[in-house]
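Number of protein chains: 2
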Amino acid sequence: MWSTIKEKLRTLKPARLIVMYYFIAITLSFILLRLPGVHIDGQYINLIDSLFTAVSAVSVTGLTVINVSETYTTFGIVMMMLILQLGGIGIMSLGTFIWLLVGKRIGLRERQLIMTDHNQYNLSGVVKLIIEIIKILLLIEAVGALLLAVYFTQFYETWGEALLHGVFASVSATTNGGFDITGQSLLPYANDYFVQTVNIFLIVLGAIGFPVLIELKQFLSNKNGAFRFSLFTKITTIMYGILLALGTLLIFIVEFNKRFEGMSWHEAFFYSLFQSTSTRSGGLVTIDVSTFTEPTQLVLSILMFIGASPSSVGGGIRTTTLAIAMLFLINFSRGRHQIQVFGREIHLIDVYRSYAVIILAIMMSMLSIMMIMVLESHSLIAVIFEVTSAFGTSGMSMGITPDLSTPSKLIIMMLMFIGRVGLISFLFMIGGNNQKAKYHYPKERVIIG
Amino acid sequence: MWSTIKEKLRTLKPARLIVMYYFIAITLSFILLRLPGVHIDGQYINLIDSLFTAVSAVSVTGLTVINVSETYTTFGIVMMMLILQLGGIGIMSLGTFIWLLVGKRIGLRERQLIMTDHNQYNLSGVVKLIIEIIKILLLIEAVGALLLAVYFTQFYETWGEALLHGVFASVSATTNGGFDITGQSLLPYANDYFVQTVNIFLIVLGAIGFPVLIELKQFLSNKNGAFRFSLFTKITTIMYGILLALGTLLIFIVEFNKRFEGMSWHEAFFYSLFQSTSTRSGGLVTIDVSTFTEPTQLVLSILMFIGASPSSVGGGIRTTTLAIAMLFLINFSRGRHQIQVFGREIHLIDVYRSYAVIILAIMMSMLSIMMIMVLESHSLIAVIFEVTSAFGTSGMSMGITPDLSTPSKLIIMMLMFIGRVGLISFLFMIGGNNQKAKYHYPKERVIIG
Ligand SMILES: [K+]
Ligand SMILES: [K+]
Numbered sequence: 032m033w034s035t036i037k038e039k040l041r042t043l044k045p046a047r048l049i050v051m052y053y054f055i056a057i058t059l060s061f062i063l064l065r066l067p068g069v070h071i072d073g074q075y076i077n078l079i080d081s082l083f084t085a086v087s088a089v090s091v092t093g094l095t096v097i098n099v100s101e102t103y104t105t106f107g108i109v110m111m112m113l114i115l116q117l118g119g120i121g122i123m124s125l126g127t128f129i130w131l132l133v134g135k136r137i138g139l140r141e142r143q144l145i146m147t148d149h150n151q152y153n154l155s156g157v158v159k160l161i162i163e164i165i166k167i168l169l170l171i172e173a174v175g176a177l178l179l180a181v182y183f184t185q186f187y188e189t190w191g192e193a194l195l196h197g198v199f200a201s202v203s204a205t206t207n208g209g210f211d212i213t214g215q216s217l218l219p220y221a222n223d224y225f226v227q228t229v230n231i232f233l234i235v236l237g238a239i240g241f242p243v244l245i246e247l248k249q250f251l252s253n254k255n256g257a258f259r260f261s262l263f264t265k266i267t268t269i270m271y272g273i274l275l276a277l278g279t280l281l282i283f284i285v286e287f288n289k290r291f292e293g294m295s296w297h298e299a300f301f302y303s304l305f306q307s308t309s310t311r312s313g314g315l316v317t318i319d320v321s322t323f324t325e326p327t328q329l330v331l332s333i334l335m336f337i338g339a340s341p342s343s344v345g346g347g348i349r350t351t352t353l354a355i356a357m358l359f360l361i362n363f364s365r366g367r368h369q370i371q372v373f374g375r376e377i378h379l380i381d382v383y384r385s386y387a388v389i390i391l392a393i394m395m396s397m398l399s400i401m402m403i404m405v406l407e408s409h410s411l412i413a414v415i416f417e418v419t420s421a422f423g424t425s426g427m428s429m430g431i432t433p434d435l436s437t438p439s440k441l442i443i444m445m446l447m448f449i450g451r452v453g454l455i456s457f458l459f460m461i462g463g464n465n466q467k468a469k470y471h472y473p474k475e476r477v478i479i480g
Numbered sequence: 032m033w034s035t036i037k038e039k040l041r042t043l044k045p046a047r048l049i050v051m052y053y054f055i056a057i058t059l060s061f062i063l064l065r066l067p068g069v070h071i072d073g074q075y076i077n078l079i080d081s082l083f084t085a086v087s088a089v090s091v092t093g094l095t096v097i098n099v100s101e102t103y104t105t106f107g108i109v110m111m112m113l114i115l116q117l118g119g120i121g122i123m124s125l126g127t128f129i130w131l132l133v134g135k136r137i138g139l140r141e142r143q144l145i146m147t148d149h150n151q152y153n154l155s156g157v158v159k160l161i162i163e164i165i166k167i168l169l170l171i172e173a174v175g176a177l178l179l180a181v182y183f184t185q186f187y188e189t190w191g192e193a194l195l196h197g198v199f200a201s202v203s204a205t206t207n208g209g210f211d212i213t214g215q216s217l218l219p220y221a222n223d224y225f226v227q228t229v230n231i232f233l234i235v236l237g238a239i240g241f242p243v244l245i246e247l248k249q250f251l252s253n254k255n256g257a258f259r260f261s262l263f264t265k266i267t268t269i270m271y272g273i274l275l276a277l278g279t280l281l282i283f284i285v286e287f288n289k290r291f292e293g294m295s296w297h298e299a300f301f302y303s304l305f306q307s308t309s310t311r312s313g314g315l316v317t318i319d320v321s322t323f324t325e326p327t328q329l330v331l332s333i334l335m336f337i338g339a340s341p342s343s344v345g346g347g348i349r350t351t352t353l354a355i356a357m358l359f360l361i362n363f364s365r366g367r368h369q370i371q372v373f374g375r376e377i378h379l380i381d382v383y384r385s386y387a388v389i390i391l392a393i394m395m396s397m398l399s400i401m402m403i404m405v406l407e408s409h410s411l412i413a414v415i416f417e418v419t420s421a422f423g424t425s426g427m428s429m430g431i432t433p434d435l436s437t438p439s440k441l442i443i444m445m446l447m448f449i450g451r452v453g454l455i456s457f458l459f460m461i462g463g464n465n466q467k468a469k470y471h472y473p474k475e476r477v478i479i480g
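Listed in order, the protein sequences are those of chains A and F.
For this note's numbering, count along the first sequence from 1 and bump the result up by 31.
For this note's numbering, count along the second sequence from 1 and bump the result up by 31.
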């Protein structure tokens, strides 16, 4: 029977494996969240809300229809952390373990998911790499948890409570889970720059992409200086930095005389920086985003739609997709069809992929916004915010999540799922097998734009 | 001196010629609208509003900060019609005349603007073709004017008045100008299916694209049946039809129990059909669009953003751009990189173009929405509606146009201009000369989406 499963897995396409992994992870998480002892006595959570929480946690989004601290026991909260790890570290480590398990030779595409262009990894190298990924992430989480737990001792009566809050906050930030057990995200720490700075570092390290972390580690341990960062690392890191800075700047400027009126510059700056970081897909907030003006909410929505780096705990169309679209546009307007950057040429197929991802993401988001607008009676901006937050697996919300009807909850769940899996995987899953055209038709031009 | 101008024109790129034509047309229109006798005595129109009206009329958009019938004399209204012709027929006929004038050999791209793939046209053929375009359009306008003028005699006291209203309505509909001299668009004819049907036909004939009209004429005059419609005509016409039907259906469904409550099915159907037609860029309305629900307003915005066929009087990203994006997505999800349709293969460069147009259009619209949101205090949907209406040169509005501040008016003017000129022309104008890469860099893959 085991060999039948192995055989079945062997014939699956990688994209389908990823999708399948998440289906299994969601089912498992759903079961974990229905275990006896998970809920606080007297708290009744219906099945759809448990499913919603499971999907939100596995996709490390953080949109929630319930209040975690008022719903789950300490045991339940530990389960939540487990699910966040399952989702956050999952795709990179466990996913690759599955491939190893079924003895499938790690092909180009699969290897790309863990490393862009370093061909030196053989099977045992991949195992080492995955262990390294897990080690790095657990290390980051441990350092974050330690810092926060020790700091939290001043706010909580017992060491145990401080530890629980510290560990949960660190896991939620590093996996970009966006959940909280304070009942009000990081609002209690709106003026605590230490907690915010730690959280920002954890969120960035989780969302910057595992290949970047691995390469950074290699760079730091490589004393002779011959190390070359991959094109992927350069592009994604620069784009991440641009988006973070641009988001901070835009929030700061737009809200300067509005929401930030009367605040000191550093208060306003930290509010801007933290919320900008959260769109890249942390999801934690230090301010009620529904109190921002609409232009800011729109900026946040666009940033969430873009999302984080590929091969990270974040979602959205991903930084590289936007980067390639921008590079393409610049080159095209200059009459060039090759994209040259950092002394390298972007492969044509990646330009195609970015196009497909952008078109599909826009169509999907538009359709979701429209459907939820028809189903609910919330303001347009609140719905746009909710949809982009789900697709970008950011998890920020203007507060409408618990009021959604079941059909809308299902739409949001689907968006979180697709946002996490990534549109490219989703596209190949729905699209079926690769096939080359067997013959060519004559070409004919069409007038465009 | 004349030869110097000819020499200057000869060295210009076609895209720059188109842009230049519109600059000249706007300047001329602005002067026409400032002539003595144009304004009704006592009506003071400031320069920015005259410029806005000129840009709106030349780009045949129809967004207006003034009430035409209360502002302009009959002479002024005749000037308006002249400007609409300048804008509507302009790019196709006068634009090509300029090329002929300067003796420039009609190259592939220029010929495509009047005909996609029929290589049989030499210089004198092009002259014939342009004359044919003008003849066809004037014929359509004349038939429309006659039908409407005769019909209008029942509403107006004098034949002269009926004629003026008939001619203006026909010109405004055929050029997709979207202006009215009733002071309230076609709302007075909300239950007059004859006037609406005539208008729908005129709008569609103007927005379906000149190549389609020419090919249709050739097809009808070609008795032996050997005529083959071009790929362009097939794609644009089918997409036009799909958008028209889909728009009608969506408005009908969404508003059925809302705005259309208590109406007969044919009333609701005609409201849906007419407003759907107008997004493809007619701009005339039979209902106050601000009374629709937000999902409908969003549907209308998306439809206006898409716009009409290329080489037509409409704007937006154009039907073919969307069609190629959709075809690309379908083929890509099946693992194919060639787009095959109707026994033809789409050229790679056209896929690139559609990508560039879509990315640029979205960025431009987003930026405009954001800026106007910061500048004004209108609802998000009203601003989205206004921006997409300007870019799609549709001209429908939720009523905020006259209240816009000068900076916002300038943004809307720029959008109308770019929407009319077309993003491809705009892109090549800002991008400078074509240049081939002189050397290739090594290719490197990047993780997408
Ligand atoms: K999140
Ligand atoms: K129009």
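Glycine included, each C-beta is placed from N, C-alpha and C at the ideal position.
Practice task
Identify whether residue 328 of chain A lies in helix, strand or coil by the three-state DSSP scheme.
Solution key: helix
Exercise for the section: Specify the secondary structure class of residue 53 of chain F as computed by DSSP and reduced to three states. Expected result: helix
Handout entry: Assigned secondary structure, residue 103 of chain A (DSSP; H/G/I helix, E/B strand, else coil)
Key = strand
Exercise for the section: Have a look at residue 89 of chain A and residue 199 of chain A and give me their C-alpha separation to the nearest angstrom. Expected result: 15 Å
Problem - Cβ-based contacts, 9 Å cut-off: residues of the segment 439-455 of chain F near chain A - result: 453, 454 and 455
Handout entry: Which listed residue (F/336, F/344 and F/367) has its alpha carbon closest to that of residue 353 of chain F
Key = F/336
Problem - chain A contacts from the segment 298-326 of chain F (Cβ-Cβ distance under 7 Å) - result: 325 and 326
Exercise for the section: Check the Cβ-Cβ distances between residue 368 of chain F and every residue of chain A, and say whether any is below 8 Å. Expected result: yes
Practice task
For ligand 2, enumerate in chain order all residues having a CB closer than 7 Å to any of its heavy atoms.
Solution key: F/91, F/92, F/93, F/207, F/208, F/209, F/312, F/313, F/314, F/424, F/425 and F/426
Exercise for the section: For the beta strand (DSSP E) holding residue 376 of chain A, just list the boundary residues, first then last. Expected result: 375-377
Exercise for the section: In the DSSP assignment, find the alpha helix (DSSP H) that holds residue 239 of chain A and state where it starts and stops. Expected result: Premise fails: residue 239 of chain A is in no alpha helix (DSSP H) and is neither H nor E.
Handout entry: Whole-number beta carbon distance between residue 346 of chain A and residue 536 of chain A, since they are thought to touch under 8 Å
Key = Past the boundaries of the shown model lies residue 536 of chain A; chain A is included only from 32 to 480, so the question cannot be answered.
Exercise for the section: Please compile the residues from chain A whose C-beta is within a distance smaller than 8 Å of the C-beta of residue 422 of chain F. Expected result: The contacting residues do not exist; residue 422 of chain F stays about 12 Å from chain A at best.
Exercise for the section: Determine the DSSP secondary structure at residue 70 of chain A, reduced to helix, strand or coil. Expected result: strand
Exercise for the section: List the residues that DSSP assigns as beta-bridge partners of residue 371 of chain F. Expected result: F/376
Practice task
Could you check the C-alpha separation between residue 220 of chain A and residue 399 of chain A for me, to the nearest Å?
Solution key: 34 Å
Problem - CB contact below 8 Å: residue 359 of chain A versus chain F - result: yes
Handout entry: Touch test, the segment 269-289 of chain F against the segment 299-315 of chain F, Cβ-Cβ under 8 Å, three pairs minimum
Key = yes
Practice task
List the endpoints of the continuous alpha helix (DSSP H) containing residue 297 of chain A.
Solution key: 296-308
Practice task
Inspect the CB distances between the segment 423-442 of chain F and the segment 83-102 of chain F and report whether three or more fall short of 8 Å.
Solution key: yes
Handout entry: Which listed residue (A/368, A/214, A/63 and A/451) has its alpha carbon closest to that of residue 419 of chain A
Key = A/451
Problem - CB contact below 8 Å: residue 356 of chain F versus chain A - result: yes
Exercise for the section: Take residue 214 of chain A and list the residues in its own chain whose beta-carbon comes closer than 6 Å to its own, dropping the five residues that flank it on each side. Expected result: 98 and 100
Practice task
Identify which residue in A/294, A/350, A/289 and A/238 has its Cα closest to the Cα of residue 481 of chain A.
Solution key: Residue 481 of chain A lies beyond the stretch modelled for chain A, which goes from 32 to 480, so this question has no answer here.
Problem - Integer-rounded CB distance, given that residue 448 of chain A should sit under 8 Å from residue 86 of chain A - result: 6 Å
Practice task
For residue 15 of chain F, decide whether its Cβ has a neighbour in chain A, counting only Cβ atoms nearer than 8 Å.
Solution key: Shown here, chain F extends from 32 to 480; a query on residue 15 of chain F therefore has no answer.
Handout entry: At least three beta-carbon pairs within less than 8 Å, the segment 60-75 of chain F to the segment 186-197 of chain F
Key = no
Practice task
Let me know the secondary structure DSSP gives residue 185 of chain F once reduced to three states.
Solution key: coil
Exercise for the section: If I'm right that residue 330 of chain F touches residue 281 of chain F with Cβ under 8 Å, what's the distance once you round it to whole angstroms? Expected result: 5 Å
Problem - Candidates F/392, F/293, F/453 and F/431, of which the one nearest residue 403 of chain F by Cα - result: F/431
Handout entry: Beta-carbon proximity check, residue 217 of chain A vs residue 317 of chain A, cutoff 8 Å
Key = yes
Handout entry: Interface partners of residue 86 of chain A on chain F, CB under 9 Å
Key = The premise fails here: residue 86 of chain A is roughly 20 Å from chain F at the closest Cβ pair, so nothing lies under 9 Å.
Exercise for the section: Could you pull the start and end residues of the alpha helix (DSSP H) that residue 19 of chain F belongs to? Expected result: Examination of residue 19 of chain F is not possible in this model, given that chain F is present from 32 through 480 alone.
Practice task
Using only alpha-carbon positions, find the residue among A/252, A/446 and A/298 that is nearest to residue 421 of chain A.
Solution key: A/446
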